[in-house]
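The structure appears below as structure tokens.
Number of protein chains: 2
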Amino acid sequence: MKIDKNENTEKSIVDIAKALGVSAATVSRALNDNPRISEATRKRVKEKAIELGYRHNSMASSLRNKKSKIIGLIVPRISMYFHAVFITALQNRLQNEGYSLMVCQSNDSVAVEQKLANTLYSSRVDALVVSLALYTENYAHFDGFINRGIPLIFYDRVPTKDYPAHIIQGDDYRGGVIAGNHLIEMGCSKIAYISGPLSCSIYRERTEGLKHVLKKAKVTLAKKWCFYQELTAENAWNSLRQIFAGDEVPEAIFASNDTTAVAAVEFAREQGIKIPQELKIIGYSNDPRASIISPPITTIDQHPDEMAHRVAYKLLHLLKDKNAREHAETNRKEIVPVTMVRRMTT
Amino acid sequence: MKIDKNENTEKSIVDIAKALGVSAATVSRALNDNPRISEATRKRVKEKAIELGYRHNSMASSLRNKKSKIIGLIVPRISMYFHAVFITALQNRLQNEGYSLMVCQSNDSVAVEQKLANTLYSSRVDALVVSLALYTENYAHFDGFINRGIPLIFYDRVPTKDYPAHIIQGDDYRGGVIAGNHLIEMGCSKIAYISGPLSCSIYRERTEGLKHVLKKAKVTLAKKWCFYQELTAENAWNSLRQIFAGDEVPEAIFASNDTTAVAAVEFAREQGIKIPQELKIIGYSNDPRASIISPPITTIDQHPDEMAHRVAYKLLHLLKDKNAREHAETNRKEIVPVTMVRRMTT
DNA sequence: TATTCATTGGTTGTCGTTACATCTAATTTA
DNA sequence: TAAATTAGATGTAACGACAACCAATGAATA
């Protein structure tokens, strides 16, 4: 390949204009396919642009247009299957519309989340999409977006208090209901529950859904079998050991993510507990690991694709219609259905 | 929370300057902690900035400085465990230095990769980090970066032909050697090999490493048991069916990723083939799934953290030293060691 | 023939920040 | 005491693209 160090100087539309004896405005219009430019001129301009090695300067363009064409995204961790799928789907849609996605990870740290929000705010992203960190209970770091009318959409892990942003969440309440009902139908009345912290919308709602159906079925959830904590494998093992340390032992475990469900299966295997005969397990998220382990785990699918689809739709709508932003007092919340994927642990 | 729609107008440093009766230049310096500004003025400026709801305009700043403070990243898929870990590690390091990472996915499509490279080129990223798509054999879409002296680093899946960019790759040749030796030591002489396409550096080198040790051990790799294809679960199943359709059957399978290794374990389970007694399996990447399946799979760890560390180091070096870019004819290639994680499939 | 108007293009000014070159007053040095 | 230095602040000119407004041409219409 050829290296052309002479071309190293950046050319601007002014250089093209000079070379062609036209004005910079004409060049700008030609490159942007403005209809006010004749086909002939457009062609001349574009050819000269290539010849000179011109490249569009989006900094200048952004400054002038007051639009960065960048959407900020804050997720807890991209390594979570749900979010990885979501990101991919969202990115594909936005790319078609000429937007880039700035993907950031909070690592489930409130402090990092705050810092990222500020950075993205200063970076002048055209919109922000957020799935909150585990313990975020104050949303002041997003106020700037609200005040400036910059589209702000929360998805999956959304604010638990009233906050004037758009919200697209999974039907976590229903997820709790489905899981609870399923276990009841399987004849379980002694259920252990390993959940994420209740500061987080998704776990709070799943818990409510679960408790609702258990109450209806007159099944009580023993306090000693309930855990609300970060859902790591390590925490799961600790809780499982605690659960199975006593004389009485549960018939089922509802784990609020699949990492925990996987840990439960491994724990049972280690302890020689038969699944599903002696212990039923249901997870959440439909992570690929849930289907690979033996026995494969019954879990709740959150349909990240569908969620991304809805977020993208709403986002592009808000981005286009300045009005939509002002008058969106109603209809700010959408719920995406969940479905159970039944496998061999129940 | 309070919504202050009056504050909606964007303030610039000029507004701060006016409000304070100083010049815009002074405000700029004060906000950037330039030492040529008195402590008193600096404080006054910063307070007024907060009072007016000022936010830094990085578009204007970028235009002026000719630096976007954004690093482009192109990966095949963020859902691949190796890349997810790599991204997270890289991002954490760059964030500390004030850089943002623009993460893009090629979805293993050459066309998408080309489009992304062009977009990132026009977006004026300060540097580009790339892991190539499966079938990328031409690198012209990165020439712009080379010509302009913009730092360009390939990692993991790197160009197979000579290309004047920086390269940080895993020791895939050694990975092939290790896997091959391990299987030979286990007494296997009939080995099936499911690899990615040889257009891709990593698979090419693993293949060479494997062939080298097999030759040394006088073990031949049967053509009918060699596959070079996209490493999806579906392709894996097809190949496995083909492999086990004949009379003769292999003693071991070397799968060049863990998706394939997982498929092999599942296939063996379905066919009632005993692992590792009748069939040994070794994978590649140390994906979490490899440790969760039963039996857990022996695999090669590529140390994505370490690779990210090296990429970040080189990147920041190139970004700082303009000279480093010019005189980097030598030392453009680094190799990151791999290690085998032995589990129950061998 | 006079008037309209569509087509094509040019002129000017602006976006917000910051580097460079100055400038002023106070302080230090010879 | 005069000259030199310096701390602190200022003014101005880009950076590159593009929107808003304006101007010239020629064809179509009245």
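Taken in sequence, the protein lines are chains L and Y. Reading the first sequence from the start, the letters are residues 1 to 346 in the UniProt record's numbering. Reading the second sequence from the start, the letters are residues 1 to 346 in the UniProt record's numbering. All C-beta atoms, glycine included, are put in the ideal place defined by N, C-alpha and C.
Original post:
Excluding the five sequence neighbours on either side, which residues of its own chain have a C-beta within less than 6 Å of the C-beta of Y:Ala222, listed in chain order?
Top reply: none
**OP:** Count the other CB atoms, across all protein chains shown, that sit within 10 Å of the CB of L:Gln302; report buried if there are 16 or more and exposed otherwise.
**Re:** buried
Original post:
Does any residue of chain Y bring its CB to less than 9 Å from the CB of L:Glu7?
Top reply: Low local confidence applies: a pLDDT of 44 at L:Glu7 is under 50, so the model's placement there is unreliable, and no value is given.
Subject >> Coil, strand or helix - Y:Thr207 by DSSP >> reply: helix
**OP:** Could you tell me the boundaries of the beta strand (DSSP E) in which L:Gln105 lies?
**Re:** 100 to 105
**OP:** Using alpha carbons as the reference points, say which of Y:Gly149, Y:Thr119, Y:Arg148, Y:Asn107 lies closest to Y:Leu132.
**Re:** Y:Asn107
**OP:** Check L:Leu319 in the structure and name its three-state DSSP category.
**Re:** helix
Original post:
What's the call for Y:Ala263, buried or exposed, on a 16-neighbour Cβ count within 10 Å?
Top reply: buried
**OP:** With 8 Å as the C-beta to C-beta threshold (strictly closer), list the residues of the stretch 150 to 169 of chain Y near chain L in chain order.
**Re:** Tyr163, Pro164
Subject >> Start and end residues, beta strand (DSSP E) containing Y:Tyr155 >> reply: 152 to 155
Subject >> Residues that L:Pro288 contacts on chain Y, provided the C-beta gap is smaller than 7 Å >> reply: Arg289
Original post:
So, is the C-beta of residue 420 of chain L closer than 9 Å to a C-beta in chain Y?
Top reply: Nothing about residue 420 of chain L can be reported from this structure: the residues present for chain L run from 1 to 346 only.
Original post:
Cα separation between L:Lys5 and Y:Ala117?
Top reply: At L:Lys5, the pLDDT of 36 sits below 50, so the modelled position is not reliable; the number obtained from the coordinates is stated separately. Each residue's alpha carbon lies about 20 Å from the other.
**OP:** Write down the C-beta distance between residue 350 of chain Y and Y:Leu183 rounded to the nearest angstrom, noting that I regard them as a contact closer than 8 Å.
**Re:** In the structure displayed, chain Y extends from 1 to 346; residue 350 of chain Y sits before or after that span and is not available.
Original post:
Three-state secondary structure (DSSP) at Y:Thr339?
Top reply: strand
Original post:
Helix, strand or coil: which one does DSSP assign to L:Ser239?
Top reply: helix
Subject >> Residues near L:Phe142 by beta carbon distance below 8 Å, same chain, minus five either side >> reply: Ala117, Leu128, Val130, Leu152, Tyr163, Ala165
**OP:** Assign L:Ile3 to one of three DSSP states: helix, strand, or coil.
**Re:** Only weak support is given to the placement of L:Ile3: the predicted model assigns it a pLDDT of 37, under 50, and the value that follows is read from those uncertain coordinates. Reduced to three states, the DSSP call for L:Ile3 is coil.
Original post:
Buried or exposed: which applies to L:Ser285, given that a residue is buried once 16 or more other Cβ atoms fall within 10 Å of its Cβ?
Top reply: buried
Subject >> Per-residue DSSP class, three states only, for residue 353 of chain L >> reply: Residue 353 of chain L lies beyond the residue range present for chain L, which begins at 1 and ends at 346; the question has no answer from this structure.
Original post:
Hey, out of Y:Ile74, Y:Lys46, Y:Ile167, whose CA is closest to Y:Tyr313's CA?
Top reply: Y:Ile167
**OP:** With 9 Å as the threshold, decide whether the Cβ of L:Ala84 is near any Cβ in chain Y.
**Re:** yes
Subject >> Collapsed DSSP secondary structure at Y:Lys66 in the structure displayed >> reply: coil
**OP:** Measure from the alpha carbon of L:Leu31 to the alpha carbon of each residue in L:Ile281, L:Ser61, L:Phe82, then state which is nearest.
**Re:** L:Ser61
Original post:
At what residues does the beta strand (DSSP E) containing Y:Val125 begin and finish?
Top reply: No beta strand (DSSP E) contains Y:Val125, which DSSP labels as neither H nor E.
Original post:
Is Y:Ala245 buried or exposed, if buried means 16 or more other CB atoms sit within 10 Å of its CB?
Top reply: exposed
Original post:
How about Y:Glu278 and Y:Glu251: do their beta carbons lie closer than 9 Å?
Top reply: yes
Original post:
By the criterion of Cβ-Cβ separation under 7 Å, what are the contact partners of Y:Val103 in chain L?
Top reply: Val103
Subject >> Interface residues of chain L facing Y:Leu63 [CB-CB closer than 9 Å] >> reply: Asn57, Met59, Ala60, Ser62, Leu63
Original post:
How many angstroms separate the CA atom of Y:Asn331 from the CA atom of Y:Gly209?
Top reply: 23 Å
Subject >> Bridge-paired residues (DSSP) for Y:Gly72 >> reply: Y:Met102, Y:Leu128
Original post:
Along the chain, where does the alpha helix (DSSP H) that runs through Y:Asp172 open and close?
Top reply: 172 to 185
Original post:
Thinking just about the alpha-carbon of each residue, which of L:Ala24, L:Asn235, L:Arg55, L:Leu134 is nearest to the one in L:Val75?
Top reply: L:Leu134
**OP:** Report back the beta-carbon spacing between Y:Val213 and Y:Asn181 to the nearest angstrom; my notes put them in contact at under 8 Å.
**Re:** 5 Å
Original post:
Comparing the C-beta of Y:Glu270 with each C-beta of chain L, is any distance below 9 Å?
Top reply: no
**OP:** Assign L:Asp247 to one of two classes, buried (16 or more other C-beta atoms within 10 Å of its C-beta) or exposed (fewer than that).
**Re:** exposed
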